[in-house]
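Have a look at the structure below, then the notes.
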Amino acid sequence: MNEILEQVIQRRDTWRGYRDQFSSNTASANSAAHATDGLPTGYDNLDAALFQHGWPQGNTIELLSDIGTPAAMGLFLPAMEALSEQGRWQAFIAPPYTPYAPLLAARGIDTRQILLIHPRSREDLLWSTEQALRSTTCSTVFSWLGASEYRYSELRKLQLAATGSDALAILFRPTQAAKNHAPATLRLQMLAHRKIHILKQRGGHQGIEVVLPPVEEIPEQSQLWALPARTESGQQQSPAMGA
Amino acid sequence: MSLWLCLRFSQLPLQCLNHSEEQAVVVLSKQRVLRANDCAASLGITEGMGTATVRALAEHEAIILLERDIQAEQRCLQQLCCWAYTITPALYTFREDCLQLEIGGCLKLFNGLDALLGKVASGTGSRGYRTHYGLAATPKAAWLLSFADANTAIDIQQELKVRLAPLPLALLDSFSSTVDSLRKAGLHRFSDILPLPTAALGRRCGKDFTHYLQQLLGEREDLQPDYRPPEAFNDEYWFGYEVKANTELLPAMQLLLQSLCQFLRSTQLQTAEIQWQLIGIDSTLRPVIVRSSNPHSHWESWYQLTCIRIDQLQLAGSVEGIALQCHTLRTGELESMDLFNPHNQREPLNSLLDRLRSRMGLQAVEQVSCRDEHLPEFALHISSDSQAEKDTTDTPCAQRPFWLMPQPQSLRQHGDKLYWHGKLKLVYGPERIEDNWWREAISRDYYIAADNYGQHYWVFCDRLARCWYIHGVFA
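Heads up: the protein sequence lines correspond to chains U and C, in order. Each number in our numbering corresponds to the 1-based position in the first sequence with 37 added. Each number in our numbering corresponds to the 1-based position in the second sequence with 716 added.
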């Protein structure tokens, strides 16, 4: 076979049409052998909808949501909790607010691993995201890319950096980015609270909606990704405004 | 058997001041030519000429006349010592322009004499010094042999007396009157005096001279204090031309960092801060400080950090040379990475931190931790330093958001409705938090509010000011 073609096929991120015709030892991006099990998301029906039965590591994941609402971090809290054991950094690049350390500690996440990175420019933002992905010292990289437009090549650079590592790489982008192509293996859109739309999934089903039921939350850890575990206790009351 | 390698930097007075090969350069001492570079030599300028003769010879050519700078020579020799210390610990400076290295003890380490000499040659060559070698069993003989032809100088198989034989006695400039009287007696070379009986020679030339000869032949001990490495590191690199682009600096920086790390390794020290000086063409100095959170001695990671700094640097003018300084050295600490780390982590954790900080500044990277405080904004601690202990908040805290806003932001209020990017509905609460009564009393009722999309917020009502604020966002 052509040598260059061979090299292309050897790459992990190459798609192939007829997967049955090739031996599985050189697994392509869409073959089952490539898909080692992902990192469990902590939500059964989301795991079921995902091709690797969990978050794909070593790939970028895009989460699109509107700017007014800081994207649902609760989606990743169980993963952060699991990755905390690795003792590597969990990088927050250009976060909208500050993660509340007492909550993280209560969730069993070692707060010493949390790195808040505040880039001053778009270039610094891309650079630090790429550095964090390349360095192999991060178990998770959350990057808020913000509202600005990104070229495909810039996102592709991040995707390539992610393939070299085994980090959970999440890029947060606004909803209007859904119109454009992106090299991420998994693109999710937040439709509403706990309601996810899978825009793109390499090797798996796309265009499906997943609703995360609140029942899956552990009762004694009521701070899960939102709230009231004890709504039935009748504490709800409408306080008199301005009282 | 001890084996001494003498490195004689014959052009040191010249090369410590100017490395130019394209222009005629002459170093003067007491108005006489001390050293002249090849370019000047081709004009017919030789050592010992007067200034007027030099000017006459270089009639139409541009020529640089420099005054001898003994301090600069010594500084260069110290830097060379620093470098040579990576080869052998037993060395000292000899005369004004020589290094004496005892290499008999480290031949095995370098896989034989040839490999060692190759390393020495590349080391001196990269620093741009013309070097003459001499190899012998005694330091004085090694120095004398550095004047012999290149083959005899390093041919240690031959007998020492045979190798010394053709050398002129005039080399012994510390015994000039003795050598003068010997010359009058028709004795010009070592071959003339070495066969003579020592006692007879001693009567004629004095005890000092025979002592010297005995030390030369290894019949009398010749002890010198060894060189001690300095407390701080200093090294320079001169380009010999003007450098205008940042990237052109990098190869030289790599070289200097390698020599720094060799120094650190050989002295078993580490550093957490290095300082570059970019020496401009007009002798201006521009310092660039590179820091690392952990002291270490790996040149690769210093090089990476330096590259990040140099990338962002705007060169004001052209650069002629760079200096690397390192003042705070600490004793080395061993660091280890888990060999069986399952997560293919290939570098220490702090290296990412250092890279980010060297590009964006110390404040650009922060870490969070908990504090045992009642008020939410005080319970969260943000700092640029890493914390030492793990937070162990065992007490399951009440409903707390994932995100905390740096400052509570006031909510718009319309009638009995609250607005924050849309209408808010209170769904849970209140939780009263009161604190700080000794300074400025704070009393808040915290609620959880939801908007139309189901997003939850942490809002509070300031009971004293009777205003509503948003303080956090649930994930």
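Ideal placement from N, C-alpha and C gives every residue a C-beta, glycine not left out. None of the values given here were measured: they were computed from a predicted structure.
(request) Measure the beta-carbon distance from residue 221/U to residue 1170/C and round it to whole angstroms, keeping in mind my assumption that it falls under 8 Å. (result) The count along the first sequence starts at 1 and reaches residue 221/U at position 184. The count along the second sequence starts at 1 and reaches residue 1170/C at position 454. 25 Å between Cβ atoms; not a contact.
(request) Run the CB neighbour count on residue 914/C, radius 10 Å, all protein chains shown included, and call it buried at 16 or more, exposed below. (result) For the purposes of this step, residue 914/C is identified with residue 198 of the second sequence, where counting begins at 1. Label assigned to residue 914/C: exposed.
(request) Under 8 Å by Cβ, that's how I've got residue 125/U and residue 1061/C pegged, so tell me the actual separation to the nearest angstrom. (result) Within the first sequence, residue 125/U is the residue found at index 88, counting from 1. Within the second sequence, residue 1061/C is the residue found at index 345, counting from 1. The Cβ separation is near 6 Å, so the contact holds.
(message) Less than 8 Å between C-beta atoms, sequence neighbours within five positions excluded: which residues of the same chain meet that for residue 962/C?
(response) Position 246 of the second sequence, counted from the start, is the residue given in the question as residue 962/C. Correct list, in chain order: 1026, 1027, 1029, 1031.
(message) Do residue 170/U and residue 195/U count as a contact pair if the criterion is CB distance below 8 Å?
(response) What you label residue 195/U is simply residue 158 of the first sequence in a count that begins at 1. What you label residue 170/U is simply residue 133 of the first sequence in a count that begins at 1. Against a cut-off of 8 Å, the Cβ pair of residue 170/U and residue 195/U comes out as a contact.
(request) Could you list the residues in the stretch 156–175 of chain U with a C-beta less than 8 Å from some C-beta on chain C, going in chain order? (result) 156, 157, 161, 164, 165, 168, 169, 172, 173, 174, 175
(request) Would you list the residues sitting across from residue 121/U in a DSSP beta bridge? (result) In the first sequence, the residue the question calls residue 121/U occupies position 84. In the DSSP output, where bridge partners are listed per residue, residue 121/U has none listed.
(request) For residue 142/U, decide whether its Cβ has a neighbour in chain C, counting only Cβ atoms nearer than 8 Å. (result) As a first step, residue 142/U must be located in the first sequence, where it is residue number 105. Yes - at least one Cβ of chain C is within 8 Å of the one on residue 142/U.
(request) Please list the partners that residue 137/U has in chain C, where partner means a Cβ-to-Cβ separation under 7 Å. (result) By 1-based counting over the first sequence, the position of residue 137/U is 100. Under the 7 Å cutoff, chain C gives 1096, 1116, 1117, 1118, 1119, 1120, 1188.
(message) Against chain C, which members of the stretch 213–240 of chain U pass a CB distance test of less than 7 Å?
(response) Correct list: 229, 230, 231.
(message) Quick check for students: name the residue ranges of the beta strand (DSSP E) that lie wholly in the stretch 108–194 of chain U, counting only runs of 3 or more.
(response) 126–130, 151–154, 175–181
(request) Step through the CB atoms of chain U and report whether any lies within less than 8 Å of the CB of residue 1178/C. (result) As a working mapping, residue 1178/C is identified with position 462 in the second sequence. No - not a single Cβ of chain U is within 8 Å of the one on residue 1178/C.
(request) Report yes or no: is there a C-beta of chain C within less than 8 Å of the C-beta of residue 149/U? (result) Indexing the first sequence from 1 puts residue 149/U at position 112. Closer than 8 Å to some Cβ of chain C, the Cβ of residue 149/U qualifies, so yes.
(request) Could you list which residues in chain U have their beta carbon closer than 8 Å to that of residue 1085/C, in chain order? (result) Taking the first residue of the second sequence as 1, we reach residue 1085/C at position 369. Those within 8 Å of residue 1085/C in chain U are 138, 148, 149.
(request) Please classify residue 818/C: does DSSP put it in a helix, a strand, or coil? (result) Within the second sequence, numbered from 1, the residue matching residue 818/C stands at position 102. Note: residue 818/C maps to strand in three-state DSSP.
(request) Count the other C-beta atoms from every protein chain shown that fall within 10 angstroms of the C-beta of residue 1172/C, then say buried if there are 16 or more, exposed otherwise. (result) Walking along the second sequence from the start, residue 1172/C turns up at place 456. When all chains shown are included, residue 1172/C counts as buried.
(message) Taking 8 Å as the threshold (beta carbon to beta carbon), is residue 110/U in contact with chain C?
(response) Residue mapping note: residue 110/U aligns to position 73 of the first sequence, counting from 1. For residue 110/U, the answer is yes, since a Cβ of chain C falls inside 8 Å of its Cβ.
(request) Using a threshold of 8 Å, state whether the C-beta atoms of residue 114/U and residue 211/U are closer than that. (result) The sequence position of residue 114/U within the first sequence is 77, counting from 1. The sequence position of residue 211/U within the first sequence is 174, counting from 1. Contact flag unset, no.
(request) Can you grab the Cα-Cα spacing for the pair residue 727/C / residue 130/U, in whole Å? (result) Counting from 1 along the second sequence, the entry for residue 727/C is found at position 11. Counting from 1 along the first sequence, the entry for residue 130/U is found at position 93. Their Cα atoms are separated by approximately 55 Å.
(request) Let me know the alpha helix (DSSP H) ranges lying completely inside the stretch 918–948 of chain C, each 4 residues or longer, listed in chain order. (result) 923–933
(message) Could you tell me the alpha carbon to alpha carbon distance between residue 865/C and residue 994/C, rounded to whole angstroms?
(response) For the purposes of this step, residue 865/C is taken as residue 149 along the second sequence, with counting starting at 1. For the purposes of this step, residue 994/C is taken as residue 278 along the second sequence, with counting starting at 1. Answer to the nearest angstrom: the Cα atoms are 40 Å apart.
(message) Counting only C-beta atoms, is residue 154/U closer than 8 Å to chain C at any point?
(response) For the purposes of this step, residue 154/U is identified with residue 117 of the first sequence, where counting begins at 1. Chain C contact via Cβ: present.
(request) Would you mind telling me which residues of chain C sit closer than 9 Å to residue 210/U, beta carbon to beta carbon, in chain order? (result) Indexing the first sequence from 1 puts residue 210/U at position 173. Ordered by position in chain C, no residue passes the 9 Å Cβ test against residue 210/U, which lies about 17 Å from the chain.
(message) Using the Cβ count rule (16 or more neighbours within 10 Å means buried), how would you classify residue 1071/C?
(response) As a working mapping, residue 1071/C is identified with position 355 in the second sequence. Buried is the call here.
(request) Compare the C-beta of residue 1048/C with all C-beta atoms of chain U and state if any pair is closer than 8 Å. (result) As a position in the second sequence, residue 1048/C is number 332, starting the count at 1. Closer than 8 Å: no.
(message) Taking the beta carbon of residue 818/C as the centre, do at least 16 other beta carbons fall within 10 Å, making it buried, or is it exposed?
(response) In the second sequence, the residue the question calls residue 818/C occupies position 102. Per the 10 Å Cβ criterion, buried.
(message) Please confirm whether residue 724/C has its beta-carbon closer than 8 Å to some beta-carbon of chain U.
(response) Translated into positions along the second sequence, residue 724/C becomes position 8. At a cut-off of 8 Å, the C-beta of residue 724/C has no neighbouring C-beta in chain U.
(request) Measuring alpha carbon to alpha carbon, tell me which of 944/C, 877/C, 897/C, 951/C ends up nearest residue 1192/C. (result) Not covered by the structure: residue 1192/C. The range shown for chain C is 717 to 1191.
(request) Output the residue ranges of the beta strand (DSSP E) runs that lie fully inside the stretch 807–865 of chain C and measure 3 residues or longer, sorted by chain position. (result) 807–810, 814–818, 848–852
(request) Note down the Cα distance separating residue 821/C from residue 950/C, rounded to an integer number of angstroms. (result) Counting from 1 along the second sequence, the entry for residue 821/C is found at position 105. Counting from 1 along the second sequence, the entry for residue 950/C is found at position 234. Taking the straight line joining both Cα atoms gives about 27 Å.
(message) So if DSSP puts residue 1192/C in a beta bridge, which residue, or which two residues, is it bridged to?
(response) Missing from the structure shown is residue 1192/C; chain C here goes from 717 to 1191 and no further.
(request) Please report how far the alpha carbon of residue 766/C lies from the alpha carbon of residue 729/C, in whole angstroms. (result) By 1-based counting over the second sequence, the position of residue 766/C is 50. By 1-based counting over the second sequence, the position of residue 729/C is 13. Each residue's alpha carbon lies about 17 Å from the other.
(message) Cutting at 7 Å between CB atoms, please list the residues of its own chain near residue 929/C, excluding the five before and the five after it.
(response) What you label residue 929/C is simply residue 213 of the second sequence in a count that begins at 1. The beta carbon of residue 929/C lies closer than 7 Å to none in the same chain, with the five residues before and after it left out.
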